[in-house]
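First to last, the protein sequences are chains A and B.
The first sequence lines up with residues 1 to 805 when you count with the UniProt record's numbering.
The second sequence lines up with residues 1 to 284 when you count with the UniProt record's numbering.
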Amino acid sequence: MNDLTPDRDDRTAKLKGIGCARKRVEDARFTQGKGNYVDDIKLPGMLFGDFVRSPYAHARVKSIDTSAALALDGVVAVLTARDLEPLGLHWMPTLAGDKQMVLADGKVLFQGQEVAFVVARDRYVAADAVELVAVEYEELPVLTNPFEAMQSDIVLREDLTPGTDGAHGPRRHHNHIFLWEEGDRTATEQVIASADVVAEEMVYYHRTHPCPLETCGCVASMDKVNGKLTVYGTFQAPHVVRTVASLLSGIEERNIRIVSPDIGGGFGNKVGVYPGYVCSIVASIVTGVPVKWVEDRMDNLMATAFARDYWMKGRIAATKEGRITGLWCHVTADHGAFDACADPTRFPAGFFHICTGSYDIPVAYVGVDGVYTNKAPGGVAYRCSFRVTEAAYFIERMIEVLAIELNMDAAELRRINFIRADQFPYHSALGWEYDSGDYHTAWDKALKAVDYAGLRREQAERLAAFKRGETRKLIGIGLTHFTEIVGAGPVKNCDILGMGMFDSCEIRIHPTGSAIARLGTISQGQGHATTFAQILASEIGIPADSITIEEGDTDTAPYGLGTYGSRSTPVAGAATAMAGRKIRAKAQMIAAYLLEVHDDDVEFDIDRFTVKGAPERFKTMAEIAYAAYNQAIPGIEPGLEAVSYYDPPNMTYPFGAYICVMEIDVDTGETQIRQFYALDDCGTRINPMVIEGQVHGGLTEALAIAMGQEIAYDEMGNMKTATLMDFFMPTAWETPHYTTDHTETPSPHHPIGAKGVGESPNVGGVPAFSNAVHDALRPFGLRHTHMPHDHWRIWKAAHDLGLHG
Amino acid sequence: MIPAAFEYHRPGDLPSALALLQQHGDEARVIAGGHSLIPMMKLRMAEVPHLIDLQAIDALRGIRIDGTRITLGAMVTQHELIAHEGLARVAPILREAALQIADPQVRYMGTIGGNVANGDPGNDMPGLMQCLDATFHVTGPGGERAIPARSFYESAYMTAREEDEILTAVSFDAPTGGQAYEKQKRKIGDYATAAAAVILTRSGATCTHASIAMTNLSDVPVWSEAAGAALTGTPCDEAAMLNAIAAMLADIDPAGDNRGPVEFKRHTAGIILARAIARAWSRA
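The following block contains the structure:
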């Protein structure tokens, strides 16, 4: 070593590894309009598909006349269910074990349902031809309310034989899908019956929609010469799509290539398989040329993968001192016309049974009834891990209602019921093993950061001024302490359509010391190309700037289950670290050979292996890589590559403490977020800047959901919020300033201790915003009012409390 | 979201535009900024085989202030209204209202002429123009006509303009006294849940004249003569304000929609008007 040798800090900084706020490498192309999205893909001779959609929520299809459309110049084909039937593709399996019409087979079950698929020379001709397809409907009575659906004589799904079991057991009514239960019902009900205090509430988490900036779409291209089908599409799980496409079509998996190019936001909307994909593939096979289909905004909002729509009836029991003794919950889950929820197979209500939240609750019970209605199918995990948002909203509302019942401060009620740090790993009453957490530390830090006592004083002063008639604005302080369950998941209990939810990473180190790594996941804006390179940089000592990350092409990437449910870092991130360690193990042997010492006599040091006790004797990773390819080393095969398939031993359990301070105008229902403090604990922090970006984005979605965003239907099943005029998407103007903060409690079972963060702000944000609204009106007797808290609903709550004189 | 096929025309002067309108009759519509018509075409709720773009007609542009008379060419954009310092001095309510319309990108394209001519009850400028007692200038095969803004609107999207006429300009006297435009909306880009334009003149402690118009609370903008009368001759105190609100509520006829039901809209209309009156009075 000499004066020119960089010190360890310099070498560490140069790697830009774990913990570095490295700028996102993706942004150069995105900010310059150089992204490559599905709709940017143009293949020679490509045709365009578009759907004829049902204007009715429930109707019999009497006839479909395609002759006028087929007569239009430029129209190549019009597919109906009758055309797909010989291929067995007029229906398709859903991720939830149900089946779904690809094109209307005899009847339609929701407004916007796909009825016919027009294939034409360009999208303009296709749109004209859609108008020319004459469909004769006979309207049927409509069911939009799941409680009515469970009582009604109207049979929605005539394809299902009454009295037969569904994919998740017995169905007790023709519009019933499943009853799924967890926990000890008898014991829970006994605790509730004898409790000091019981709070009971119906908490509705309304139907909303992920609404990614880029809608869903694909380009299917069947090469009839070599028999290979290539599909470019908006897929959050490209490998799963390949397997499903192979199973459905009979085409060998080697002859199917699925490519997810740049994806403009997914949020769960791009996990499922939609009729547009199936019809495009069929159309390409039939015509022998590529076929593109891309949804417009209304298509996407009306037909593609809603989220939530859970009616959660809860009872929470406590001692008079506020110790929670039991939690009971029954959910009526509106799944729409087909059960197309995206959940691991064994969990038809996802991980909703994380609903005991951050609290040490000795006994609990959850039952979820899935119900069919005349609404669009979906029930996807909108920036959350399989119904975790619903669970977090439920428990955080129940805590607030219990605080009212006990006449207690809700912050204190949380504190005395938190799972203590010394209880981890913690086994919840509903069967989960929480890996790690330190809730009291996070909570105290959050309360101190916002001066919680000071805020309560100010709130009390404002309330007094309000009562004196000096102001019409109240202050609400919305508290949330959420615990997520992400990183699905262990193959022993997590699969989708039978495919275990492991993930993968494959690394090649090039001779001159740069590298490429490919993963089974696919970024939709999360910044994988940035953060996975950082994990590798720390593991293998090659600068992140010299590592290319590639995802999304099933011909090149290793098999994986994709990106959703905050699973990329917990699962594929772990695979990346493990593959990196395999590289490092081989590099150690090569270094030892080059340094002429025993393998055990060298040690890894940031970007090199050094001889123990003699750090001036070293080989850098670049030198080792070169030797790996170009030097004959006895007993070691050439090259420096590794692959890891990682089956996580457990989920990870990120948590956080959020506090929202909101002003509400009782006269107009207008709200203003004055302060929002978000403390996240996602374990080891890979890139603080990416984390902050994730938190800002998720909080803004949470703001939207809590304060106005909804998919609403009228009684006829007409969708009332099919455009961005009525479906609330916040702009910069509506978005408040966020203060982010963190604690760091690593996951004990994850190779680098990381837990995942992308979804935390959506999960924790919604109850924080909602609780602020409730808190403002609590002094006037408000217990609970349903979201979204748009102007008129807040006004209505205030009105019903007599605040308008 | 793809419109039916249409022919695009871009005449360079008003006679050419009028000739195209004559030639194609019902099949033609003129387009200004396009922020109402193009979405309607994309949704296929409007089919326009011949679209006549007015943006190449220089005679429809420009903001003129002649003494106290202000004339806005139909193709003046909301952005130009906002940016015009002279206009902000003589009629500040225009900037205050235009800043409440959508977002900057929309305002670069959206025009005063399109906003008032389309007859959309959600648009902000029609109510404001009624409050200002503006005159709309139209030109058709029979020559020019001047139509008072207060008698221009018949029902939603139905106006006193004939199909073969083009709205060329809007003119009004510079308002005197205190002015305010108050709007409640759900978000940027939304139409009003309720909006009020108020102009008050004051002599000493007394309101000598009041003009009040409401937006998106009926199928047409509502200039409430009675609400104005309720303030005139009063010190604009709480009693007068309550009378004005009561009078206004008798004139509006809101419909329930995603913004809320009728009772909510009527309540917020009163709140918004009270705020607009208070602010205008503080400026009078």
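We put the CB at the ideal spot given by N, CA and C, even for glycine.
Once you ignore the five residues that flank residue 647 of chain A on each side, which residues in its own chain have a CB closer than 6 Å to its CB?
The beta carbon of residue 647 of chain A is closer than 6 Å to those of 491 and 502 in its chain, skipping five residues each way along the sequence.
Could you give the residue range of the beta strand (DSSP E) that holds residue 580 of chain A?
DSSP places residue 580 of chain A outside any beta strand (DSSP E); the residue lies instead in the alpha helix (DSSP H), whose first and last residues are 574 to 595.
From this set, B:217, B:37, B:137 and B:56, which residue's C-alpha is nearest residue 9 of chain B's C-alpha?
For residue 9 of chain B, the nearest C-alpha among the options comes from B:56.
List the residues of chain B that residue 646 of chain A touches, going by C-beta distances under 9 Å, in chain order.
Chain B residues near residue 646 of chain A: none, gap ~42 Å exceeds 9 Å.
Shorter than 8 Å from the beta carbon of residue 184 of chain B to some beta carbon of chain A?
True, the Cβ-Cβ gap to chain A drops below 8 Å.
Inter-residue spacing [alpha-carbon to alpha-carbon] between residue 1 of chain A and residue 489 of chain A
Low confidence applies to residue 1 of chain A: its pLDDT is 48, below 50, so where it sits in the model is not reliable enough to give any reading.
With H, G and I counted as helix, E and B as strand and the rest as coil, what does DSSP make of residue 159 of chain A?
Coil, per DSSP.
Using a threshold of 8 Å, state whether the C-beta atoms of residue 371 of chain A and residue 352 of chain A are closer than that.
No.
How about residue 12 of chain A: is its C-beta nearer than 8 Å to some C-beta of chain B?
Not one chain B Cβ lies under 8 Å of residue 12 of chain A.
Residue-level contact to chain B via CB, residue 831 of chain A, 8 Å cutoff
In this structure chain A extends from 1 to 805, so residue 831 of chain A is not present and cannot be described.
Assigned secondary structure, residue 142 of chain A (DSSP; H/G/I helix, E/B strand, else coil):
Looking at residue 142 of chain A - three-state DSSP - the assignment turns out to be coil, as it is neither helix nor strand.
Tell me residue 611 of chain A's beta-bridge partners as DSSP assigns them.
Paired residue(s): A:602 and A:614.
Inter-residue spacing [alpha-carbon to alpha-carbon] between residue 219 of chain A and residue 106 of chain A
Whole-angstrom Cα-Cα distance: 28 Å.
Considering only the beta carbon of each residue, do residue 74 of chain A and residue 125 of chain A sit closer than 8 Å?
It is a contact, given that the beta carbons lie within the stated cut-off.
In or out: residue 737 of chain A buried (at least 16 other Cβ within 10 Å) or exposed?
Residue 737 of chain A should be labelled exposed.
Contact with chain A by residue 258 of chain B, beta-carbon distance below 8 Å
By this cut-off, residue 258 of chain B is an interface position.
Ordered along the chain, which non-local residues of its own chain (more than five positions away) have a Cβ less than 8 Å from that of residue 892 of chain A?
Beyond the ends of chain A as shown, which are 1 and 805, falls residue 892 of chain A; an answer cannot be given.
Could you please give me the residues that DSSP links to residue 146 of chain B through a beta bridge?
Per DSSP, B:137.
Beta carbon proximity, residue 882 of chain A to chain B, threshold 8 Å:
Any question about residue 882 of chain A goes unanswered here, given that chain A covers just 1 to 805.
Assuming residue 12 of chain A is part of the alpha helix (DSSP H), what are its boundary residues?
Per DSSP, residue 12 of chain A belongs to the alpha helix (DSSP H) from 8 to 15.
Using beta carbons (cut-off 8 Å, strictly below), is residue 769 of chain A in contact with chain B?
For residue 769 of chain A, the answer is no, since every Cβ of chain B falls outside 8 Å of its Cβ.
So what's residue 1 of chain A in DSSP terms, helix, strand or just coil?
At residue 1 of chain A the pLDDT is 48, less than 50, meaning the model places this residue with poor confidence and gives no usable figure here.
Whole-angstrom distance between residue 14 of chain A and residue 305 of chain A, CA atom to CA atom
Between the alpha carbons of residue 305 of chain A and residue 14 of chain A lies a gap of roughly 43 Å.
Report yes or no: do the region 303 to 318 of chain A and the region 373 to 393 of chain A share at least 3 C-beta pairs separated by less than 8 Å?
Taking a contact to require three or more Cβ pairs closer than 8 Å, the region 303 to 318 of chain A and the region 373 to 393 of chain A qualify as touching.
Thinking just about the alpha-carbon of each residue, which of A:102, A:180, A:189 and A:447 is nearest to the one in residue 277 of chain A?
With distances taken between Cα atoms, residue 277 of chain A lies closest to A:102.
Within 8 Å of any Cβ in chain B, is that where the Cβ of residue 209 of chain A sits?
So, not an interface residue.
Buried or exposed for residue 461 of chain A, please, with buried defined as at least 16 other CB atoms from any protein chain shown within 10 angstroms of its CB.
Under the 10 Å beta carbon count, residue 461 of chain A is surrounded by fewer than 16 other beta carbons and is classified as exposed.
So that I know if they touch, is there some Cβ in chain A lying closer than 8 Å to that of residue 6 of chain B?
Answer no: the Cβ-Cβ gap between residue 6 of chain B and chain A never drops below 8 Å.
Inter-stretch contact (C-beta, 8 Å, three-pair minimum) for the region 503 to 518 of chain A and the region 630 to 643 of chain A:
These segments touch.
Environment of residue 443 of chain A [buried if 16+ CB atoms lie within 10 Å]
Using a 10 angstroms sphere on the CB of residue 443 of chain A, the tally of other CB atoms reaches 16 or more, which defines it as buried.
When B:218, B:175 and B:171 are compared against residue 191 of chain B, the one with the closest alpha-carbon
Here the closest residue by C-alpha is B:218.
With the cut-off set at 8 Å, would you say residue 710 of chain A and residue 788 of chain A are in Cβ contact?
The criterion of a C-beta distance shorter than 8 Å is satisfied by residue 710 of chain A and residue 788 of chain A.
Secondary structure, beta strand (DSSP E): runs of 3+ residues fully inside the region 204 to 259 of chain B
Here the runs fully enclosed are 206 to 215.
8 Å Cβ shell around residue 445 of chain A - same chain, five flanking residues per side excluded
So the list reads 657, 679, 741 and 743, once near-sequence residues are dropped.
For residue 193 of chain B, return the contacting residues in chain A, with the cut-off set at a CB-CB distance below 7 Å.
At a beta-carbon threshold of 7 Å, the residues of chain A lying near residue 193 of chain B are 791, ordered along the chain.
Kindly indicate which residue of A:735, A:739 and A:706 has the alpha-carbon position closest to the one of residue 786 of chain A.
Between residue 786 of chain A and the set A:735, A:739 and A:706, the nearest pair of CA atoms involves A:706.
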